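Taking it in order: structure first as structure tokens, then the write-up.
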Amino acid sequence: DSGVTQTPKHLITATGQRVTLRCSPRSGDLSVYWYQQSLDQGLQFLIQYYNGEERAKGNILERFSAQQFPDLHSELNLSSLELGDSALYFCASSGRTVNSPLHFGNGTRLTVT
Amino acid sequence: GQNIDQPTEMTATEGAIVQINCTYQTSGFNGLFWYQQHAGEAPTFLSYNVLDGLEEKGRFSSFLSRSKGYSYLLLKELQMKDSASYLCAVRGSRGNEKLTFGTGTRLTIIP
């Protein structure tokens, strides 16, 4: 158990809809990262938050947005969903030192029909 | 930017040793990480290298050469449960702590 909690585990929705994915980081971790993993593809970095502030942005679509709340949990909002958005979405958290690895949650499997 | 290359697939025999290579090109470097990922599951952390040399952790070892932009993960005494994808990831310079992942090497262990 990594200590990172993601909900829901599975999400099935229709094209055009909007969903929210939730993540609680490990106790004490201030950084939260969101990654997307499509079938048979690598982990694509979406966005990072550190203590409530956006820290880095990757290839995140304009239809996607995220935030980190004062209690450090984070939400990833996906809107106007398309079939190609079907993927595993992982949240990860890390400690403050440069050698701190990312610890991943179990992911949310999103299926857009 | 960062570019990371790994072989797509490898096969090895139970009880044997396998080496998975990773080459990278990066504009900033603050360490290289190896992760294991079973299909449909979360990646789990295996090892971290920031200085040149070998880091050993049980059956797994990882090597780094910063001048060559090269790393490898060595798995010994292979077990069937080691069948998984192995992901190489590079951390950027300070202020850019995200990990950039390679596409992973799918390792299949055969009896």
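From first to last, the protein sequence lines are chains A and S.
Under the numbering used here, the very last position in the first sequence is 146; numbers go up by exactly one each time.
Under the numbering used here, the very last position in the second sequence is 123; numbers go up by exactly one each time.
C-beta atoms are modelled at their ideal positions from N, C-alpha and C, and glycine is treated no differently.
On a predicted model such as this, the values are computed, not experimentally measured, just so you know.
Assignment of Asp104 of chain A by DSSP, reduced to helix, strand and coil, places it in the coil class. Taking the C-beta atoms as reference points, Thr120 of chain S is found nearer than 8 Å to Thr23 of chain S. Beyond the five residues adjoining it in sequence on each side, Tyr36 of chain S comes within less than 6 Å, by CB distance, of Ile16, Gly81, Val102 in the same chain, given in chain order. Shown here, Asp34 of chain A sits in coil according to DSSP, grouped into three states, outside any helix or strand. Following the DSSP letters along the chain, one finds His50 of chain S in no beta strand (DSSP E), marked with neither H nor E. In this structure, Ser105 of chain S lies near Phe41 of chain S, with their beta-carbon atoms less than 8 Å apart. Under the Cβ distance rule, Pro123 of chain S does not count among the residues neighbouring chain A, no pair being separated by less than 8 Å.
Under a criterion of Cβ atoms nearer than 9 Å, no residue of chain A is adjacent to Tyr82 of chain S; the nearest Cβ is some 19 Å distant. Neighbourhood of His136 of chain A in chain S, by CB distance below 8 Å: Phe57, in chain order. In the three-state DSSP reduction, Gly43 of chain S falls in the coil class, being neither helix nor strand. Beta-carbon to beta-carbon, Leu114 of chain A and Val52 of chain A are separated by about 7 Å, close enough to satisfy the 8 Å threshold. Secondary structure of Gly65 of chain S (DSSP, three-state): strand. The three-state secondary structure of Leu76 of chain A, taken from DSSP, is strand. Contact between Gln39 of chain A and Leu54 of chain A holds, with the beta-carbon distance rounding to 7 Å and staying under 8 Å. Proximity of chain A to Gly43 of chain S at the Cβ level (cut-off 7 Å) is accounted for by Val131, Asn132, in chain order.
Counting the other CB atoms within 10 Å of its CB gives Leu66 of chain S a total below 16, which places it among the exposed residues.
The beta carbon of Tyr83 of chain A is closer than 6 Å to those of Leu63, Ser64 in its chain, skipping five residues each way along the sequence.
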